[in-house]
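So the sequence shown is numbered by numbering that gives the first Met the number 0: it starts at 0 and just counts up by one. Just so it is clear, CB atoms sit at the ideal spot from N, CA and C, and this is done for glycine as well. Keep in mind the model is a prediction, meaning the values are calculated, not measured.
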Amino acid sequence: MTFSHDGLRDSLTHLAAPPYFYENLRRDLATAQRNRSKLTLIRFQMFPTPESADEAEGDENPHTRSLYEVAILSFAELLKSSIRAEDLCARLGRFEFTIILRADHEVAQSLSTRVLKQWQSELFICKSSYIPAKFGESSLEILNRLDNQELQGITKSN
């Protein structure tokens, strides 16, 4: 399975691609500072369980979707149905999704908790972290802080 995009959308999930996400993040940070509004980033990371490696071994037929692709698509659909139209969700890595949420960290916490509770998979667990933007912060600075943020929530593996 390859990770590809056209610069705007991820080819598998049709979520925002990294270049589009980074440009929107830069713009949204400037807008939030100018308007003194809230902006929070949420990161979700999926982790294959040991069972998923066993299941994926027998999934070599090139005409069928792999279990990994099915899980990624399912999680992307869950995120799409959970966010508002003004928020932006992107797939930034194979199993990494990030949301630009135009709200405070309490809303981010609620959304993160709701998504983790709804995610049901025996083959993948999911963890999340979220961080509010600081006024005057660059996109690189907030992404570095998010990278250093410990993953807080976790789904329960069956």
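Same chain, Cβ closer than 8 Å to residue i, five either side skipped, listed in chain order
| i | result |
| --- | --- |
| cysteine 105 | The question names cysteine, but residue 105 in the sequence shown is glutamate. Once the five neighbours on either side are set aside, glutamate 105 has no close Cβ partner at all. |
Buried or exposed by the 16-neighbour rule on C-beta atoms within 10 Å, applied to residue i
| i | result |
| --- | --- |
| aspartate 9 | buried |
| leucine 7 | exposed |
| alanine 89 | buried |
| arginine 42 | buried |
| leucine 66 | buried |
| leucine 38 | buried |
| leucine 139 | exposed |
| phenylalanine 134 | exposed |
Which listed residue (the options) has its alpha carbon closest to that of residue i
| i | options | result |
| --- | --- | --- |
| glutamine 44 | Glu22, Leu87 and Ser127 | Ser127 |
| arginine 83 | Glu68, Ala102, Phe94 and Phe74 | Ala102 |
| arginine 33 | Glu136, Leu145 and Arg93 | Glu136 |
| leucine 28 | Leu77, Ala75 and Leu87 | Leu87 |
| serine 51 | Ser109, Arg144, Leu110 and Glu68 | Glu68 |
| threonine 48 | Phe96, Ala31, Cys125 and Ser36 | Cys125 |
| serine 36 | Ala132, Thr112, Leu78 and Ser81 | Ala132 |
| proline 17 | Phe96, Ser109, Gln117 and Phe46 | Phe96 |
Opening and closing residue of the beta strand (DSSP E) in which residue i lies
| i | result |
| --- | --- |
| arginine 101 | Looking at the DSSP string, arginine 101 is not in any beta strand (DSSP E), and its letter there is neither H nor E. |
C-beta contact flag for residue i and residue j at 8 Å
| i | j | result |
| --- | --- | --- |
| leucine 24 | isoleucine 99 | yes |
| alanine 171 | leucine 115 | With the chain covering only 0 through 157, there is no way to say anything about residue 171. |
| isoleucine 130 | glutamine 148 | yes |
| leucine 40 | serine 81 | no |
| threonine 12 | leucine 91 | no |
| glutamine 117 | leucine 77 | yes |
Where the alpha helix (DSSP H) through residue i begins and ends
| i | result |
| --- | --- |
| alanine 29 | 17-34 |
| leucine 122 | Element bounds for leucine 122: n/a, residue is neither H nor E. |
Residues of its chain near residue i, where Cβ-Cβ distance is below 7 Å and the 5 sequence neighbours each way are ignored
| i | result |
| --- | --- |
| alanine 107 | Thr39, Ile41, Leu100 and Tyr129 |
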